[in-house]
Amino acid sequence: MQGILSYYKQCFAHDSAEINLWSCHKLAEQDQLLLQGEDELASGFLPRLPLPHTLASTLMNRSALYLRERVLLHCSLFFSGTLELNGERRKVVTPLLYRECQIQADGDEIFLQASESLTGQNPFTINEALLEKLVVEGHSLTQDLRDNPTDVSGWIAWLRAGQADVDATQLLHFPKLIDEEVFEGLRRKRKGFLVSRSQLVLAERSLASRGILHELDLLMATPDLSPPLQALFAEQQPSPQSKRQVTTQQDCLPGLLSNAQMQALNIAANHTLGQISGPPGTGKSYTIATIAAEQILRGKSVLIAAHTDVAVDVIADKLQQQFQLGSSLIRAGSPQFIKQLKSQVDDMLNGIHPVANKKVTDIALQKAYKQLEIVTRQQAKLEQSFTRHCKRAIGRGQKLARLEQQKSRWRLPCYNWFYRGGIRRFSRQWEVLDSLNGLIAQKEKLSLEYLQLATSHRQSRLLQNKRSSLVNFAKAIRARQSAKQLEAFYNTDFSALQQTFPIWLSSLANLHRVMPLQQEMFDLVIIDEATQANIAECLPALQRAKAALVVGDSKQLRHFSFLSREKQASIQTQLGIAPDRRGLLSYRDASMLDLVSGSLSGQAQVAFLDEHFRSKPELIQFSNQAFYQNALKVMQHRPCTSSGHLHRIQVDGMRDAKGVNLLEAEALMDKLAKLIEEQADALVPSSIGVLSCFRHQTEYLSKQIIARFSLAQIERHQLRIATPFGFQGEERDIMLLSFSVTAQDSRAAAYLNRADMFNVAITRAKQAQWLFLSLDETALPNNNLLAKYLTSATQFEAKHNYVDALDEFGQSVTQALEAKGITVWRAYHMAGLELDILCRYGDQYLAIDLIGYPGPWEDFFEVNLYKLLQRAGVSLMPLSYGLWSQQQALCIDHICKQFGIAPTQEVA
6 MQGILSYYKQ CFAHDSAEIN LWSCHKLAEQ DQLLLQGEDE LASGFLPRLP LPHTLASTLM
66 NRSALYLRER VLLHCSLFFS GTLELNGERR KVVTPLLYRE CQIQADGDEI FLQASESLTG
126 QNPFTINEAL LEKLVVEGHS LTQDLRDNPT DVSGWIAWLR AGQADVDATQ LLHFPKLIDE
186 EVFEGLRRKR KGFLVSRSQL VLAERSLASR GILHELDLLM ATPDLSPPLQ ALFAEQQPSP
246 QSKRQVTTQQ DCLPGLLSNA QMQALNIAAN HTLGQISGPP GTGKSYTIAT IAAEQILRGK
306 SVLIAAHTDV AVDVIADKLQ QQFQLGSSLI RAGSPQFIKQ LKSQVDDMLN GIHPVANKKV
366 TDIALQKAYK QLEIVTRQQA KLEQSFTRHC KRAIGRGQKL ARLEQQKSRW RLPCYNWFYR
426 GGIRRFSRQW EVLDSLNGLI AQKEKLSLEY LQLATSHRQS RLLQNKRSSL VNFAKAIRAR
486 QSAKQLEAFY NTDFSALQQT FPIWLSSLAN LHRVMPLQQE MFDLVIIDEA TQANIAECLP
546 ALQRAKAALV VGDSKQLRHF SFLSREKQAS IQTQLGIAPD RRGLLSYRDA SMLDLVSGSL
606 SGQAQVAFLD EHFRSKPELI QFSNQAFYQN ALKVMQHRPC TSSGHLHRIQ VDGMRDAKGV
666 NLLEAEALMD KLAKLIEEQA DALVPSSIGV LSCFRHQTEY LSKQIIARFS LAQIERHQLR
726 IATPFGFQGE ERDIMLLSFS VTAQDSRAAA YLNRADMFNV AITRAKQAQW LFLSLDETAL
786 PNNNLLAKYL TSATQFEAKH NYVDALDEFG QSVTQALEAK GITVWRAYHM AGLELDILCR
846 YGDQYLAIDL IGYPGPWEDF FEVNLYKLLQ RAGVSLMPLS YGLWSQQQAL CIDHICKQFG
906 IAPTQEVA
């Protein structure tokens, strides 16, 4: 098992080392050393290179002091010029090649050697992040250069073929190094160039590599792995323990949950490993928040982590706004959050906290829970009563219909007279339904109150009994040096701390900053956006788990890796890991979701969220068909659903040498300006996103937006511009998409055929999407995703699957409602259901469940289906045939009441 952990650790180390190398010219003097003369270590002529003693000894000592925080790199072949980084033009000095190295003393001499040379290898890592900025999109690196990265003539030819606007002729001097004065002179005169220059850099590791590599080392040294890690990597799976099935507290949670969400709660409560698949707009973040709240109700602790802070922030907001659990969570991570955490803990220690003077007794907590239980039982009883009414209505309706068909002169009147009281009581279904809705609202209020009381109770007990735990924690998060931080962590009673803050949220990269690597520290660890997380960065989080749940979507963007397949294979071979080793997946190609998905023993450990709430039907149709086999229930679908939300603007644009389509950009900017102007007086303006799959087009549009619109306008519309990689997990009311390609750009068009990227690109809009195009679908291959998407967009119709004819019962109801001016659809398909009758009056909808008349519509909807439609924003009411036959005016009055129509005793 240590071998597999070492494999992921080494892959991660090679993949993350290039961070913080853009500004090598601005490094502090003590953190760098410029090599002089010839770099015979880079050329391979010498196994180690002598260094000037004074400078090298300083760098060697600093490297040892900051072993965890920094990495010593041997950098060679430098680029100098101006690049676009994160939407900003920056002057950079950055290496084309780099590798980890060591400075070692040998007697009175100090030498430099590559770290890998100890194992007989000294490969350089290629700075592919730099190359991506220099060459045209799709210009792939050759295998020859990967095998021989110091082949300077090969680099010159490759850069020329990739249309790089850079002077690389100075590379031909390698391994002879350029004089620094000459280099500075070139920097002042030249726009962009590459030179033979070598430098030792004590680079600050990224937040990811700094902590994760250290924790991976600790993980490899530990004799015991957590249950989730054993489930992933153990060759011999631990025998399943026979334990009692945990009953979740789903009935005590606020909100209406779908079957998939209830299944997710059960997986989290009863399985060591589980997976939630969440397509775009299906309530993934809300589901995670619900799981965390349910765990709290059972006294458990939860860690929620993700690759990005944005994903974690969305869940934190759900917990705070919809579950009012702000005082129960710690949002840890980047420096600004650490500052907030310090303030939060200090306030508690100094009595500046809502619970400081609020004592919640055990009796008060039990009383609140008892009230919640009572309401839950009442709700269950009413649901049973409603079901009984519906079943009796079926029997009475079938009997009544048979008598009517027999046209008996005396049996039908006798039946109506004898059972008139019982049939009249079928109207109680409506009362029961109203009571149910009232209880659901009451339960939601009591659930939130109970969660608040439980939180206050835990925090009060900690402050009274274990205040020292908070003191030690405050010391730990303030410590700047690793040793002091670990010492303070060691003295922290984290079990007590988790009683106060049962929910912790952090990016994966920052876990090491706020907690020790303690086995099974949390009852449940949830990893969100698991397709974007590489396997290595998730392992320390899983070591902290008793059980783990990964959440993501295999049809959306995966993590991006610069690690070459050759290097990956080399690491595997070096460690002697068999190709069929359990848990072995490609670091560069596989995500944490892939690893867990391949390790689950049964489908009961997987939940698929299938209710899509985000977008208008027209905007999600293609993804639903192309990527999800029409499995998504589109909850915004209504009979008023129409086309007109997906717009297409055709221009005669061309891509320039850098890949920028100026005409498309101009058309998009004009439309954006018009949208902003139209909403100048709107109280709630639409949020707007601008997206292009191509980096150069995105960068150009970004400059135009900054130049044309004020900061106030950008903030008012939450205006964001990015590639699909920057929009993962984001959504906007309106999206503007510039595809940029033309009929002559076959290679660029092929780039759009990447399914996960394309799926993200076209599913960000909630209300409207504008497509800016310089070609039509006929210019693309039939199997191209853009071609399929454009064809689908032109063919969209708001399809309303319904029938024009119902049975006599349905026809009678329909005619009576239409006489009241109510629009009616029969046997209408919506949210995965066939509704007997769907009505609309004004902008209100009401579904009617016909019960009891013999035929395809005689059965009734279960209570859960009433809740499903309620989540979709549509009310559902039962209507029994017996009641309609005897009390038609009463039934119509009740339906009119739902729409706010004045009741009347007669129907024309």
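The sequence shown begins at 6 in the working numbering and counts up one residue at a time. Even glycine gets a Cβ: it sits at the ideal position worked out from N, Cα and C.
query: Rounded C-alpha distance that separates residue 460 from residue 502; result: 12 angstroms
query: Every unbroken alpha helix (DSSP H) inside the segment 857 to 893 [4 residues or more]; result: 868 to 876, 886 to 891
query: The segment 876 to 894 in contact with the segment 850 to 858 per 3-pair CB rule at 8 angstroms; result: yes
query: Nearest-angstrom Cα separation, counted from residue 30 out to residue 188; result: 11 angstroms
query: Residue-level contact to chain B via CB, residue 149, 9 angstroms cutoff; result: The structure shown contains no chain B; it is built from a single protein chain.
query: Secondary structure, alpha helix (DSSP H): runs of 4+ residues fully inside the segment 558 to 606; result: 570 to 580, 597 to 602
query: Alpha-carbon to alpha-carbon, residue 662 and residue 222; result: 46 angstroms
query: Distance, residue 762 Cα to residue 560 Cα; result: 9 angstroms
query: Close-in-space but distant-in-sequence residues of the same chain around residue 926 (CB under 6 angstroms, 5 per side omitted); result: The structure shown does not extend to residue 926, since the chain is modelled only from 6 through 913, so no value can be given for it.
query: Reference residue 753; option with closest CA among 735, 784, 378; result: 784
query: Rounded C-alpha distance that separates residue 932 from residue 759; result: Residue 932 is absent from the model: the chain starts at 6 and stops at 913.
query: Residue range of the unbroken beta strand (DSSP E) whose run includes residue 633; result: Taken as a continuous stretch (DSSP letters only), residue 633 belongs to no beta strand (DSSP E), as it is neither H nor E.
query: Residue 149 versus 163, 142, 630, 721, residue with shortest Cα-Cα distance; result: 163
query: Inter-residue spacing [alpha-carbon to alpha-carbon] between residue 194 and residue 174; result: 15 angstroms
query: Sequence ranges, beta strand (DSSP E) only - wholly within the segment 251 to 320, length at least 3; result: 278 to 282, 307 to 311
query: Residue(s) in a DSSP beta bridge with residue 197; result: 86
query: Beta carbon of residue 44 nearer than 9 angstroms to that of residue 201; result: yes
query: Exposed unless 16 or more other CB atoms sit within 10 angstroms - verdict on residue 3; result: For the chain, the structure presents residues 6 to 913; residue 3 sits outside this window and is missing.
query: Same chain only: Cβ atoms within 7 angstroms of residue 857, ignoring 5 sequence neighbours per side; result: 398, 399, 401, 402, 403, 863, 885, 886, 887
query: C-beta atoms of residue 204 and residue 100 nearer than 9 angstroms; result: yes
query: Beta-bridge pairing of residue 116 - partner residues as DSSP gives them; result: 55, 109
query: The segment 665 to 677 in contact with the segment 108 to 122 per 3-pair CB rule at 8 angstroms; result: no
query: Burial state of residue 292, where buried means 16 or more other Cβ atoms lie within 10 Å; result: buried
query: Inter-residue Cα distance where the pair is residue 520 and residue 330; result: 21 angstroms
query: Endpoints, alpha helix (DSSP H) assigned at residue 745; result: Premise fails: residue 745 is in no alpha helix (DSSP H) and is neither H nor E.
query: Neighbourhood of residue 38 by C-beta, 6 angstroms cutoff - its chain only, sequence neighbours within 5 removed; result: 60, 64, 205
query: When 447, 6, 768 are compared against residue 619, the one with the closest alpha-carbon; result: 768
query: Start and end residues, beta strand (DSSP E) containing residue 829; result: 828 to 835
query: Cut-off 7 angstroms between Cβ atoms - residues of its own chain near residue 599, not counting five sequence neighbours on either side; result: 590
query: Touching by the beta-carbon criterion (3+ pairs, under 8 angstroms), the segment 625 to 639 and the segment 708 to 716; result: no
query: Which of helix, strand or coil DSSP assigns to residue 15; result: helix
query: Supposed contact pair residue 878 and residue 842 - C-beta distance, whole angstroms, cut 8 angstroms; result: In fact, because the Cβ distance is near 17 angstroms, the residues do not count as touching under 8 angstroms.
query: Beta-carbon proximity check, residue 920 vs residue 538, cutoff 9 angstroms; result: In the structure as shown, the chain begins at 6 and stops at 913. Residue 920 is therefore absent and cannot be evaluated.
query: First through last residue of the beta strand (DSSP E) which encompasses residue 152; result: Note, residue 152: premise wrong, no beta strand (DSSP E); alpha helix (DSSP H) at 148 to 152.
query: Distance CB(residue 659)-CB(residue 779) smaller than 9 angstroms; result: yes
query: Spatial distance of residue 480 from residue 465 (CA atoms); result: 21 angstroms
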